[in-house]
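Read left to right, the sequence shown gives residues 1 to 191 (UniProt numbering). We put the beta carbon where it would ideally sit given N, CA and C, even for glycine. Take a look at the structure below.
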Amino acid sequence: MHYINLILKRIFSSFFTLLIVSAFIYGVLEILPGDVATRILGRAATPESLVILRAELGLDEPALNRYFSWLYNIFQGDFGNAMTSKRPIIDVLGPKIFNTMVLSGFAFLLYLPMAFITALVQAANKNRQIDNILSIVTLVILSLPDFIIGTIFLILFVVFIPILPVVSLVGEYTSFWEWVKALIMPAVTLA
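Pasting the structure below:
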């Protein structure tokens, strides 16, 4: 029961934090010089085109109304449209979110047994040399930025032992094993 309360508190505080951050970012963008229409169309925009774009974007409404309207739309699943392509944001980000979730899940599946085995070995050998060595190695690995680890893996598994692809791109018609092979290096880097 204690864990459920803790999880609910974390969810509530995360939601509240996201709300505060979104309001802060919205406010900062609102006080920038000029308005969104001017930034989109540039200084050479005609007054007529600015009026039309402001009406399209709803910039003629007060900022507070626009923020709460945006929040309402977010909770309805409407994230708006991309400025450049005019496509819905969910259509633009959907495939990228899916790929991110797959990569994160794969990295988690690699990380969990590594962490579990390391913890078991350290617990079984508390205050011994293997415990100290594993503590130092773990600390060093966790301290390195992901791009450094990724670069080391690229040099190792692409240059010296060429068993993995240089680029981890998967297409619509990629086979399952090619997909897994392309995920190995990024997932191990994240894990």
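Pull the bridge partners of residue i from the DSSP assignment, please.
| i | result |
| --- | --- |
| P88 | N81 |
Specify the secondary structure class of residue i as computed by DSSP and reduced to three states.
| i | result |
| --- | --- |
| S104 | helix |
| L120 | helix |
| I164 | The question names Ile, but residue 164 is Leu in the sequence shown. L164 falls in the coil class under three-state DSSP. |
| A115 | helix |
| L6 | helix |
| residue 195 | Here the chain has residues from 1 to 191 only, and residue 195 is not among them. |
| N132 | helix |
| S175 | coil |
Excluding the 5 residues flanking residue i on each side, which residues of the same chain have their C-beta closer than 8 Å to its C-beta?
| i | result |
| --- | --- |
| I163 | F157 |
| P95 | none |
Quick one: what's got a C-beta closer than 6 Å to residue i's C-beta in the same chain, skipping five residues either side?
| i | result |
| --- | --- |
| A107 | A187, L190 and A191 |
Who are the Cβ neighbours of residue i in its own chain at under 7 Å, not counting the five residues just before and after it?
| i | result |
| --- | --- |
| A82 | I89 and V92 |
| I40 | L53 and M83 |
| D131 | Q122 and N125 |
Item to check | Length-filtered (4 minimum) alpha helix (DSSP H) runs lying within the stretch 34 to 69 | outcome: Runs found: 36 to 41 and 47 to 57.
Next on the checklist: I'd like to know if the stretch 151 to 163 and the stretch 106 to 123 are in contact, where contact means that at least 3 CB-CB pairs between them fall below 8 Å.
Outcome noted: Output reads no: the stretch 106 to 123 does not touch the stretch 151 to 163.
Checklist entry - Taking one C-beta from the stretch 180 to 187 and one from the stretch 96 to 105 each time, how about it: are there three or more such pairs within less than 8 Å? => result yes
Next on the checklist: Closer than 8 Å is the cut-off here; do at least three beta carbon pairs connect the stretch 32 to 42 with the stretch 7 to 21?
Outcome noted: no
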